[in-house]
Structures are given as C-alpha cells and as structure tokens.
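Q: Read top to bottom, the protein sequences are chains V and R.
Under the working numbering, think of the first position of the first sequence as 1, with each following residue one higher.
Under the working numbering, think of the first position of the second sequence as 1001, with each following residue one higher.
The beta-carbon is built from N, C-alpha and C at its ideal position, and this holds for glycine as well.
Bear in mind the structure is a predicted one, so any value in this text is a computation, not a measurement.
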Amino acid sequence: MGFRSVTTKTFDKRTTADAVIGKLRDGMTIGIGGWGPRRKPMALVRALLRSDLKDLTIVTYGGPEVGMLLAAGKVRKVIYGFVSLDAIPLEPYFRKAREAGGLEVLELDEGMLQWGLKAAALRLPFLPTRVGLGTDVFEQGGFKTVASPYGDGEVLLAMPAIPLDFALIHVHRADRMGNSQALGPDTYYDDWFAKAAKEVAISAEEVVDRLDHSYPEDAKANLFERCFVQHVVEAPGGAHPTSMPPAYGWDMAALKAYAASAAEEGGWDRYRDEKVGPDEAHYLAQAGGIEAISKLPFPIF
Amino acid sequence: MTAPDHTLAELLIVACSELYRDNGEIVATGIGPIPRLGASLAKSTHAPELLMTDGEAFLVEDPVPIGPRDYEDRKPAGYLPFSRYFDSAVWTGKRHAVVSPIQIDRFGQMNLSYIGGSFEKPKVQMLGARGFPGNTIHHINSMFVPAHSTRIFVPGEVDSVSSVGYNPARRLAGADFSGVDLRFIVTNLCVMDFGGPDHAIRLVSLHDGVSVDEVKAATGFDLIVDGTPPTTAAPTGEQLEIIARLDPHNIRATVLKGNPSGKRG
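1) Given residue 141 of chain V, which residues of its chain have a CB within under 6 angstroms of its CB, disregarding the five upstream and five downstream residues?
2) Which word fits residue 25 of chain V, buried or exposed, when buried means at least 16 other C-beta atoms lie within 10 angstroms of its C-beta?
3) Beta-carbon of residue 69 of chain V versus every beta-carbon of chain R: anything under 8 angstroms?
4) Who are the near neighbours of residue 1115 of chain R in its chain, counting only those whose CB is closer than 8 angstroms to its CB and skipping five residues on each side?
5) Assuming residue 1067 of chain R and residue 1235 of chain R are in contact, meaning their beta carbons sit under 8 angstroms apart, how far apart are those beta carbons, in whole angstroms?
6) From residue 72 of chain V to residue 256 of chain V, what does the alpha carbon distance come to, in whole angstroms?
7) So what does DSSP say about residue 290 of chain V, is it helix, strand or coil?
8) According to the neighbour-count rule (16 or more other Cβ atoms, all chains shown, within 10 Å of its Cβ), is residue 1036 of chain R buried or exposed?
9) Step through the CB atoms of chain V and report whether any lies within less than 8 angstroms of the CB of residue 1239 of chain R.
10) Output the residue ranges of the beta strand (DSSP E) runs that lie fully inside the region 1042-1122 of chain R and measure 3 residues or longer, sorted by chain position.
11) Rounded to whole angstroms, what's the CA-CA distance from residue 1059 of chain R to residue 1028 of chain R? Just pull it up for me.
12) Assign residue 114 of chain V to one of three DSSP states: helix, strand, or coil.
13) Out of V:133, V:149, V:179, V:166, state which residue places its alpha-carbon closest to the alpha-carbon of residue 159 of chain V.
14) Which residues of chain R have a Cβ atom closer than 7 angstroms to the Cβ of residue 147 of chain V, listed in chain order?
15) Could you give the distance in angstroms between the alpha-carbon of residue 127 of chain V and the alpha-carbon of residue 110 of chain V?
16) Tell me, please, whether the CB atom of residue 1015 of chain R is closer than 8 angstroms to any CB atom in chain V?
17) Does any CB atom of chain R fall closer than 8 angstroms to the CB of residue 126 of chain V?
18) Tell me which residues share the same chain as residue 195 of chain V and place their Cβ nearer than 7 angstroms to its Cβ, disregarding the 5 neighbours each side in the sequence.
19) May I ask you to list, following chain order, the residues of the region 1025-1047 of chain R that have a beta carbon less than 7 angstroms from some beta carbon of chain V?
20) Of the residues V:192, V:208, V:237, which one's Cα is nearest the Cα of residue 249 of chain V?
21) Grab me the residues of residue 1004 of chain R's own chain with a C-beta within less than 7 angstroms of its C-beta, minus the 5 sequence neighbours each way, in chain order.
22) Run the proximity test for residue 86 of chain V: is its beta-carbon closer than 7 angstroms to any non-hydrogen atom belonging to the ligand FAD?
23) Does the beta-carbon of residue 8 of chain V have 16 or more other beta-carbons within 10 angstroms, so that it is buried, or is it exposed?
24) Once the 5 residues before and after residue 1260 of chain R are set aside, which same chain residues still bring their CB inside 6 angstroms of it?
25) Report the residues of the region 173-186 of chain V with a CB closer than 8 angstroms to any CB of chain R, ordered along the chain.
26) Quickly, what does DSSP pair residue 218 of chain V with across the bridge? List them, please.
27) Can you name, in chain order, every residue of its own chain whose Cβ lies under 6 angstroms from the Cβ of residue 1040 of chain R, other than the five neighbours on each side?
28) Expressed to the nearest angstrom, what Euclidean distance is found between the alpha-carbon atoms of residue 1251 of chain R and residue 1033 of chain R?
29) Can the beta-carbon of residue 1019 of chain R be found less than 8 angstroms from the beta-carbon of residue 1142 of chain R?
30) Mind checking who residue 1125 of chain R pairs with in its DSSP beta bridge?
31) Run through chain R and tell me which residues come within less than 9 angstroms of residue 226 of chain V, C-beta to C-beta.
32) At least one CB of chain R closer than 8 angstroms to the CB of residue 294 of chain V: is that the case?
33) What is the rounded straight-line gap between the Cα of residue 33 of chain V and the Cα of residue 40 of chain V?
34) What residue does the beta strand (DSSP E) around residue 231 of chain V start on, and which one ends it?
35) Within 10 angstroms of the Cβ of residue 285 of chain V, are there 16 or more other Cβ atoms? Answer buried if so, exposed if not.
36) Who are the neighbours of residue 66 of chain V on chain R, taking C-beta pairs under 9 angstroms?
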C-alpha cells in the first residue's frame, strides 16, 4: 500500500466580471445585495448590462440597478421591498416601467423580503409572519395563510421562500479563497442573499491572496462564510455611483444625471453608450477615476 | 402668558413631540423633517427614554441635528442597522413611527403605493408599500399630513391599502391584529386621534385660528367632534431654542408652503 502522491492543490475563486456574467442564463432568478443607492454590486451589474441576457427575475432592495436592468430590457419580473434612490425617492426607470404596465412584479413589505430570503437560506418552504395580513400586499402577492398547529391556532401569512439561482454582492475586501470582509455602518441583508443563492459572486474593492495574512484584525467583518462564495472579482469603485462607506460615498451628481436621462428622448441609449460603455475601465475613467471616487463624501441621513 | 412668535412648522414639531409622551423605551422614528424634529424634541425634553438613530445605523442619546453636518458628528451609544431592524424594532413592537402617506381613509388605512389605475398598471407609481404592512401590524404608528385636504383624507377606501387600519372587512378570521395601534394624526390644521366609536377618527385639538368647519370641509369622511376642541399648544421659548439647535439650517421653514406663522387668529 503506497502513499498518495503529495501535491499542492490550488484553491482560487478569482475570476472576472465578464466570466461571472457568462455563468448566468436567460430566465434565472438573480439576487442583488445592497439597499437602494447603497452597497450595490454595480461593476457586476454593468457587466450584466453589456451582456445578451434577458428574462431575468431580479430580487432586491432596489436602487439604480433595477432601473438600469429594466431600461436595458433584461428583466421579466422584479421582486422588491422598494426601488428607490433615497434622495430621489422613486427610481425613474422603475416608475416608467410600472406606469407603462406589463412588468411582472412582487411588491413586498421590506421585512417580508428578508423573511423569504431567510426561508430559502434555511431550505424551508415558507416562514410564518403577521406581516402583509390586512393589506393589499396580501392579494397582490397571491399569498396563502397557515394556521398554528398549537393551542393558539393563530392564522399567519406563509411567506414563501425566495430561492436565488445566483446572488451578486459587493464587499470591501476578499481573498482568493472567497473569504470576505464587509465594512461600513450597515451591511443590510447581503448575508441572506448569499445564503439564499445556489451560486454567489462577490466583487470587492480589494482582493488579496489571504485575508488572514493581510487583515486578520477585521475578521468580524466577515459577513458570510466562504462556502457560500464561488466567484471573487476585484472591482475597485465597483459600487459607484452607489455608496460604499468607509471607501466612498454615493455620487449624487452621477445619480441625478442618470435619473434625468429617464426623461430624455433616447436617454437610456445615451447613458448606456457614454457611461456604461464597453468595459469597466471606460466606466471608471468617465466617472473621474478611482481617486475621484474615493473622495466622494459619505451621505448624511 | 403669551406664546413667543413661532411658525406653524414649529408648532407642528411640538405637536409631533407630544405623540411620543409616555411611550416607554421604544425606537422613535419620524420620517421627514417635522416628524423627525418632533421625535428629537421629545427625546431632548420629556422623553429621554426614547431610542433614536442617527438616521443611518447607530443609536444616539443626543439627537443628531438634521441637514448637512460632519459625517463623524454623532456619538454612537448603540447599534441598530437595517440588518437587524425587523427583529429589534419592528416585529418586536418596540417602535413608534410617524409617517406621511399619500392617502388616509376613515379606517386609518394608509396608501403609500400608487394613485389611480390598477396595481398592474398604476396611473402614478408612488413608493410602494415599503415597511407599512409590518409597521402597522406590530407597533405604534401616527401620521403627519402637511396639507390637510380631501385628496389625502379620502372618502371610501384608499386606492391601495399599504397599512393595516381598523377596517372590519379586512380583519382575516383567526389572525392576530392586537398589535395594531394607531395613535394620532397631526396636520397643518389640527390634531386627531382614533378615539371615536370603533376607532373612528376624532378631532383632538385645532391649531390657532382654525375652525371645525374648515377641518370638516378638508376631510373626505365624517369626523367625530366632541364638544368644542381645545387649541393646540403653542411652543414655549425653551422648545423653540431646542428646535433651532436641532435644525441649524432652518430646514423646517421649507416644509410648509409660505412658512406661515403659527398664530393665525
């Protein structure tokens, strides 16, 4: 009986945004992390905008990515807790799509969305809640109820799991193995998007070989374990024009210009050609470069 | 004693601060400048027990002034990010939110979602239901209406029911609606509560110089009026000083059209 030959196995999840988007298929359900105009994986979204993908179901606490994907004709259905740019309360392309009719949507209470993601993460068919009862959200969403089997017999809304085929999430730091650190005051529900998905791509402001060598003191900023991460993409400025504190604030001028384009004839085509452009290098250059992005002030709430 | 000169906005901030009296140790959320200043004034005066955030993720014991300031100009005492908002504040019932919907009906049902058309094709898409369904079935809610009119206080039902009210037709059998707790409505004309029969909306006080008939004409449903309602309390000098400190850029002057005086009579 011999010993197995001693080999060093490489363990490397690093890839490119285009390669990640190449893994997606038409009709998939894609979860997008972040919250309104905050912490959005915009570099990955821009790669998606440049692709031929279509008929996607987008699940998100929506910001500009929802409007852009709608304008680009990528979306069949949106499942959302809201779609907002904060200082611009209603996402303009989302508003246009809703008022035109024909867009399939599931409008959820903000708490119901994270509850559905948690059900999917825990491999449960649903989780019970009182939220939605007594409102039009119940009928609009086609929800069903479940009665407590215990003595109380309470009737509750059964929030169905929202399983994701793929989740896109932007973090501050990652390493080649998929370890990650999400800094900043709030990470919203990014961890539940990761756990609700079959496959996860994270983009990061900085990718290192090993986080335990480079930033061991920030290990508590690891939001979800690396077994939930299959793809790691380095994307400095990758949340622009949304905010990514402590790296940078949102670019309100860029968000306002984007919002204004929704009211202009051929506005989206111009935004796509001039801003999104052929690749991320083009995008960052037209945004003023990473130095300018890193100086964007943090929003005050 | 004559009240010092004050604007209607300042009177409304004081009225909003009264909503948080004796609420206990709960999170005070005021959405928009006047409700937020009301919550901050309450915490700075009669209700130090209230929890408040800096508007982002940290709990503060000194309410943060509104408008432009230094990002680090806050002293975090605790942490309440959105990532734990539902299990800490909303679904546990430990919150009182003061919100401004686009329509309110006689049952206290609010609409934030859309106006006209249908859910499939709204005439005007508004914000969507956002957190209203969960807020209203779990914790205390009040409302702030800057322009009291029949467009907001609608006859019949609101176009889309974003929040739970006291409409018996929408009380699903077997479900628990005991958490529904609508308290007050503060408008530019008056303060109302849900103290009428079967939680009907009732006039509580009139702002200086406003008549019952004026309020009734601006309300699309029957309003309960018990006797002669008192006049809403005017701000004191101390309250005005605190408000000025909490709103150093005078954002409160931009909320109501023409920034009218609080003394109308």
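A: According to the structure data:
1) 106
2) exposed
3) no
4) 1102, 1103, 1122, 1123, 1124, 1126, 1159
5) About 20 angstroms separates the two Cβ atoms, so there is no contact after all.
6) 18 angstroms
7) helix
8) buried
9) no
10) 1058-1060, 1076-1079, 1095-1099, 1114-1117
11) 11 angstroms
12) helix
13) V:133
14) 1174
15) 15 angstroms
16) no
17) no
18) 121, 224, 228
19) none
20) V:237
21) 1237, 1240
22) No copy of the ligand FAD appears in this structure; indeed no ligand is present at all.
23) exposed
24) 1008
25) 185, 186
26) Answer is none; residue 218 of chain V lacks a bridge partner.
27) 1063, 1246
28) 7 angstroms
29) yes
30) R:1114
31) Simply none; closest approach about 20 angstroms.
32) no
33) 6 angstroms
34) 231-234
35) exposed
36) Within chain R, no residue comes near residue 66 of chain V; the closest Cβ sits about 12 angstroms away, beyond 9 angstroms.
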